[in-house]
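Participant: So the sequence shown is numbered by my numbering: it starts at 2 and just counts up by one.
Glycine is no exception: its CB is placed at the ideal position from the N, C-alpha and C atoms.
Everything numeric in this text was worked out from a predicted model, so none of it was measured.
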Amino acid sequence: MYPPELVKPMREDLTRVGFSELHTANEVEEALKKEGTTLVVVNSVCGCAAANARPGAAMSLDNSKKPDNLVTVFAGVDREAVDAARANMVPFPPSSPSMALFKNGELVHMLERHHIEGRPAQMIAENLKGAYNEYC
2 MYPPELVKPM REDLTRVGFS ELHTANEVEE ALKKEGTTLV VVNSVCGCAA
52 ANARPGAAMS LDNSKKPDNL VTVFAGVDRE AVDAARANMV PFPPSSPSMA
102 LFKNGELVHM LERHHIEGRP AQMIAENLKG AYNEYC
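#1: Looking only at C-alpha atoms, which of LEU33, ASN64, GLU31 sits nearest to ALA132?
#2: Which first and last residues belong to the beta strand (DSSP E) in which ALA101 is found?
#3: Determine the contact status of VAL18 and ALA59, defining contact as a CB-CB distance below 8 Å.
#4: Can we say the segment 14-28 touches the segment 91-108, given the rule of at least three CB pairs closer than 8 Å?
#5: Can you tell which of PHE93, ALA52, GLY37 has the C-alpha that lies nearest to the C-alpha of MET1?
#6: Are the CB atoms of GLU36 and ASN105 nearer to each other than 8 Å?
#7: Just to confirm, are LYS66 and ASN134 a CB contact at a threshold of 8 Å?
#8: Here's the rule I'm using: 16 or more other beta-carbon atoms within 10 Å means buried, otherwise exposed. How should ALA88 be labelled?
#9: So which of LYS130, ALA32, PRO121 has the shortest CA-CA distance to ASN70?
#10: Could you pull the start and end residues of the alpha helix (DSSP H) that LEU33 belongs to?
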């Protein structure tokens, strides 16, 4: 588990653009039950989260269509919430960072770590925008 003061600015990269933090399995289940689309970002302390995932998620919101709900869980911090989120991302193996778009509780689009690592934030944003245009 990472100290709260270490991850605070990393959390804020997403909360300042409208993401809600989820800390428990119940919060994750409630978020995924909501009607409409929900983007779940599994945040992490790694460099690709800082350079690519969080900026890409933020940039993706500059789109005419976007998810109804934006939520995030933090790997290595919110274990219960992360485990619950990942359980809903099957058949994809656990990875962080990662991003999943759900529509009415059903997983419809997934970006795993290997889709994020080494790719510029703009490319990640464009991938997400394509999913928003199709599902939102």
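Facilitator: In short:
#1: ASN64
#2: 99-104
#3: yes
#4: no
#5: There is simply no residue 1 to check, as the chain begins at 2 and stops at 137 in what is shown.
#6: yes
#7: yes
#8: exposed
#9: ALA32
#10: 26-34
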